[in-house]
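Heads up: the sequence shown runs through residues 1 to 452, numbered per full-length UniProt numbering.
Read through the structure below, which is laid out as structure tokens, and then see the notes.
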Amino acid sequence: MATSPETTKLERYNSYLRRVNNTKLLAASSKLLFRATLLIALVLVFVFTINYPPIGGDGNFLNAPMHTPNFLSAAFYGSGASWEKQVRHSSTPRRPNGFSVLVTGAAGFVGTHCSLALKKRGDGVLGLDNFNSYYDPSLKRARQKLLSRHQIFLVEADLNDTPMLNKLFDIVPFTHVLHLAAQAGVRYAMQNPQSYVASNIAGFVNLLEVAKAANPQPAIVWASSSSVYGLNKENPFSERDRTDQPASLYAATKKAGEEIAHTYNHIYGLSLTGLRFFTVYGPWGRPDMAYFFFTKDILQGKEISIYKTPEGKEVARDFTYIDDVVKGCLGALDTAQKSTGSGGQKHGPAQLRVYNLGNTSPVPVGRLVSILEGLLGVKANKRVITMPRNGDVPYTHANVTLAHKDFGYKPTTDLAAGLRKFVKWYVGYYGVQPRVKKENDVELPAPESSHA
Ligand SMILES: NC(=O)c1ccc[n+]([C@@H]2O[C@H](COP(=O)([O-])OP(=O)(O)OC[C@H]3O[C@@H](n4cnc5c(N)ncnc54)[C@H](O)[C@@H]3O)[C@@H](O)[C@H]2O)c1
Ligand SMILES: *[C@@H]1O[C@H](CO)[C@@H](O)[C@H](O)[C@H]1NC(C)=O
């Protein structure tokens, strides 16, 4: 098509105008884009500094979905006069020469029971817990409510939150730390190994770093585990037996904790007592443990798996009732000597101890199930399978001679009596029917829905 020079000129001019307008528009929008980007970047920088201050460059938390430490809340709410007043009030002892105890993992099973027992006898107790979702956090919240009814304040923070720990030690001259916060559970370590490293190793070291620098240095009692005995063949398990063959990463991190405790005792004069708990159970217990989920599954008519060893033997555990463990924890606190250092300097040798806290009477898991069947009035739908190699050990049995000698530890609750109390709590807490059989009740009919 032929075009006159005029039209061409005009078209060129028009296209020139269009280009100019486009450039203007582009300039304007790019300015806007630049400002928006800057704003977003600033907001992101702000949020990240607040959320991840003390462990910059350490990717552990990012790999550990169970440990999304809420440093935002710690940094924001962990200040102010009324917050500080609660911290002081909760940790002030109400008896002469009473302790002032920081209980880590206080929203946990053992932590809740120990906090209540300490408070009851007049010690000051301050709780710390990150409320992670390894198991149903609503159970941790319910325990927190129970604690707050007894004037125990719980700080929601992670063990790795150094500024928060420093702040607590600035406000309160803790005489003792009962360190129970940890990533527990043997099997979950294969799914989320980093969460064990973050809490049981990094978190423990962080706590020890703050404690060693504190004035006064507190005495520390902390939870190790019977799992450190791993593939040990001695029976019963005694403290001097070998613990260098852990069968799970959980066990390895607890063993590491015992060695780290040695180091901090040696270098800084921290008084440190490790307690090797043996399968603790009872009211307010942990939903990830067999006695707990067996109860749930039996009531729902679901099949439960009972492990046997590759040699066809029954798996057995030295089940220890919570009240006995609490007495052991308090006994360890009462006999703990003062740390000898101050301001990060050692001034003399300090106490370093390790104790078994067990029941001294292993029970086959099949027997556990028949006790539960009796208490619930429901027949279990059982399947016996060979134990997979998932970190569990076939057998545990505690020798508690040492704890008995040093602080009179003597377990008094057998599995049937302890499970009765657990089941009573369970049906009450979850509002389950039928009611638990009373001591003298004759047969209760099984509920209609219990069999598939
Ligand atoms: N229950 C047992 O049979 C048993 C046996 C051997 C050892 N233990 C040890 O005893 C201690 C208490 O066990 P439990 O049964 O009460 O377990 P639990 O899981 O009920 O309690 C641990 C608590 O610590 C908190 N926590 C975990 N990581 C944290 C972190 N990084 N910062 C702050 N809080 C954190 C959790 O939210 C939880 O509430 C643990 O150290 C556990 O390893 C328990
Ligand atoms: C139990 O441990 C004590 C040391 O605390 C030891 O003397 C004793 O021999 C142990 N008993 C058994 C049966 O292993």
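Ideal placement from N, C-alpha and C gives every residue a C-beta, glycine not left out.
Relative to the non-hydrogen atoms of ligand 2, the Cβ of serine 238 comes within a distance shorter than 7 Å of at least one. In this structure proline 411 touches threonine 360 by the C-beta definition: roughly 7 Å separates them, less than 8 Å. Per DSSP, the beta-bridge partners of asparagine 356 are Arg276. By the Cβ neighbour-count rule, histidine 176 is buried, with 16 or more other Cβ atoms within 10 Å of its own. Here valine 205 is not near leucine 165, since their CB atoms are 8 Å or more apart. Leaving aside the five residues that flank proline 137 on each side, the residues in its chain whose CB is nearer than 6 Å to its CB run, in chain order, Phe131. Around the C-beta of lysine 379, fewer than 16 other C-beta atoms lie within 10 Å, and the residue is accordingly described as exposed. Judged by their CB atoms, valine 186 and leucine 126 are not nearer to each other than the 8 Å cut-off. Under the three-state reduction of DSSP, isoleucine 171 is assigned to helix. For tryptophan 83, the uninterrupted alpha helix (DSSP H) run begins and ends at 81-91, by DSSP. Among the bridge pairs identified by DSSP, alanine 316 is matched with Pro364, Tyr395. Contact check for alanine 107 against leucine 154 passes: the beta carbons are separated by less than 8 Å. If you check the CB distance, valine 326 and histidine 113 come in under 8 Å.
Taking non-hydrogen atoms of ligand 2 into account, the C-beta of threonine 401 is found less than 7 Å away from one of them. For tyrosine 134, the CB contacts under 8 Å within the same chain, skipping 5 residues up- and downstream, are Met66, Gln183, Ala184, Gly185, Tyr188, Ser195, Asp288 in chain order. Following the DSSP letters along the chain, one finds alanine 211 inside the alpha helix (DSSP H) bounded by residues 204-213. Proline 283 is classed as buried because its beta carbon has at least 16 other beta carbons within 10 Å across all chains shown. For the pair glutamate 259 and lysine 140, the Cα-to-Cα distance works out to about 30 Å.
Look at alanine 223 here: in three-state DSSP terms it is strand. Residue burial is scored here from C-beta neighbours: lysine 145 has fewer than 16 other C-beta atoms within 10 angstroms and is therefore classed as exposed. Beta-bridge partners of arginine 383 (DSSP): Ser305.
Among the bridge pairs identified by DSSP, threonine 104 is matched with Leu128, His179. Following the DSSP letters along the chain, one finds valine 155 inside the beta strand (DSSP E) bounded by residues 153-156. Taking alanine 261 as reference, the option from Arg353, His89, Gln191 with the minimal CA-CA separation is Arg353.
Within 7 Å of the C-beta of leucine 272 there is not a single heavy atom belonging to ligand 1. Of Asp324, Asp334, Thr386, the smallest CA-CA separation from glutamate 311 is found for Thr386. Checking the DSSP bridge columns, you'll see serine 342 partnered with Gln345. Here glutamate 234 is exposed: its Cβ has fewer than 16 other Cβ atoms, across all protein chains shown, within 10 Å. Classified as exposed, isoleucine 267 has fewer than 16 neighbouring CB atoms from the shown chains inside 10 Å of its CB. For alanine 107, the Cβ falls inside the 7 Å cut-off from some heavy atom of ligand 1.
Of the heavy atoms belonging to ligand 1, at least one sits nearer than 7 Å to the Cβ of alanine 223. According to the DSSP secondary-structure assignment, tyrosine 281 is paired through a beta bridge with Tyr321. Proximity to glycine 331 across Leu118, Phe237, His89 peaks at Leu118, based on C-alpha coordinates. The C-beta distance from leucine 178 to valine 101 rounds to 6 Å, short enough to fall under 8 Å. For serine 199, the number of other beta carbons within 10 angstroms of its own is at least 16, and it is reported as buried.
For phenylalanine 99, the three-state secondary structure derived from DSSP is coil.
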